[in-house]
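**Student:** The structure's right below; bear with me while I get my questions together.
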Amino acid sequence: PFGQLFRPDNFVFGQSGAGNNWAKGHYTEGAELVDQVLDVVRREAEGCDCLQGFQITHSLGGGTGAGMGTLLISKIREEFPDRMMATFSVVPSPKVSDTVVEPYNATLSVHQLVENSDETFCIDNEALYDICHRTLKLNNPSYGDLNHLVSAVMSGVTTCLRFPG
1 PFGQLFRPDN
11 FVFGQSGAGN
21 NWAKGHYTEG
31 AELVDQVLDV
41 VRREAEGCDC
51 LQGFQITHSL
61 GGGTGAGMGT
71 LLISKIREEF
81 PDRMMATFSV
91 VPSPKVSDTV
101 VEPYNATLSV
111 HQLVENSDET
121 FCIDNEALYD
131 ICHRTLKLNN
141 PSYGDLNHLV
151 SAVMSGVTTC
161 LRFPG
């Protein structure tokens, strides 16, 4: 249903993932792709009349969102130092996932976020599931349900930017 929402030439694909490994996402797999991603970012930024900043949505638990995500944030910060950088960072929870390296990935990411982000909204994965269970009465929420909650948060936080006055 969202096929028409994004320009096809803005997609960047890699051959493999980072395998829940922050270093792989930050230094190897991610480093191979980040220049292609930056080309897309540059092209979109050039099309703006008044670029205010950037919003990055990513996970802190895996290798790609945490490792490559923070690499991308630092590269965007280098190239656009006077623009606002906001992140919506999904924080891992041991109750939701059994991947043992998630706390390490999150810890390595937080250092990068402190250095390169102007504001970071930490979104607790466990809290997302709790809201789905307790408030929305969804017994088995899908990623779509969780993403809808995150989008509602992003919409609320950015309302004053989109509707000034």
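For the record, in the sequence shown the residue sitting at position 31 is 31 according to full-length UniProt numbering, with numbers rising by one throughout. Virtual Cβ for every residue (Gly too), placed ideally from N, Cα, C. All values derive from a computational prediction rather than experimental measurement.
On the CB-based measure, 16 or more other CB atoms within 10 Å of its CB, does N140 come out buried or exposed?
**Tutor:** Under this definition N140 is an exposed residue.
**Student:** Pick out whichever of K75, T64, V91 has its Cα sitting closest to the Cα of E115.
**Tutor:** It is K75.
**Student:** In chain order, what residues of the same chain lie with their CB nearer than 6 Å to the CB of T64, ignoring the 5 residues before and after it?
**Tutor:** Excluding positions up to five away in sequence, the list reads G17, A18, G25.
**Student:** Quick check: what's the CA-CA separation for A66 versus L60?
**Tutor:** C-alpha separation (whole angstroms): 4 Å.
**Student:** Is it a yes or a no for the segment 144-151 touching the segment 101-109, going by three-plus beta-carbon pairs under 8 Å?
**Tutor:** Judged by Cβ distances under 8 Å, the segment 144-151 makes no contact with the segment 101-109, as fewer than three pairs qualify.
**Student:** Between the Cα of V90 and the Cα atoms of E79, P103, F80, P81, which residue gives the shortest distance?
**Tutor:** V90 has its Cα closest to that of P103, out of E79, P103, F80, P81.
**Student:** Can you look up S155 in the DSSP assignment and give me helix, strand or coil?
**Tutor:** Of the three classes helix, strand and coil, the one that applies to S155 here is helix, per DSSP.
**Student:** Is the segment 30-40 in contact with the segment 118-125, if contact means three or more CB pairs nearer than 8 Å?
**Tutor:** No, the segment 30-40 is not in contact with the segment 118-125.
**Student:** Start and end of the beta strand (DSSP E) containing V90?
**Tutor:** It spans 84-91 - the beta strand (DSSP E) in which V90 sits, taken as one unbroken run.
**Student:** In three-state DSSP terms, what is C122?
**Tutor:** Strand, per DSSP.
**Student:** What whole-angstrom Cβ distance do residue 204 and N20 have, given they're in contact under 8 Å?
**Tutor:** Past the boundaries of the shown model lies residue 204; the chain is included only from 1 to 165, so the question cannot be answered.
**Student:** Counting only the same chain and skipping the five closest in sequence on each side, list residues whose C-beta sits under 6 Å from that of G70.
**Tutor:** Correcting the residue type first, residue 70 is Thr in the shown sequence and not Gly. The residues are S109, Q112.
**Student:** If you reduce the DSSP assignment to three classes, tell me which class G69 lands in.
**Tutor:** Correct three-state label for G69: helix.
**Student:** Report the residue from L72, V100, C160, M84 whose alpha carbon sits nearest the alpha carbon of V12.
**Tutor:** Among L72, V100, C160, M84, the Cα nearest to that of V12 belongs to L72.
**Student:** What's the gap between the Cα of V96 and the Cα of T135?
**Tutor:** Whole-angstrom Cα-Cα distance: 18 Å.
**Student:** Buried or exposed: where does T87 fall if 16 or more other Cβ atoms within 10 Å of its Cβ makes it buried?
**Tutor:** T87 is buried by the Cβ-count criterion.
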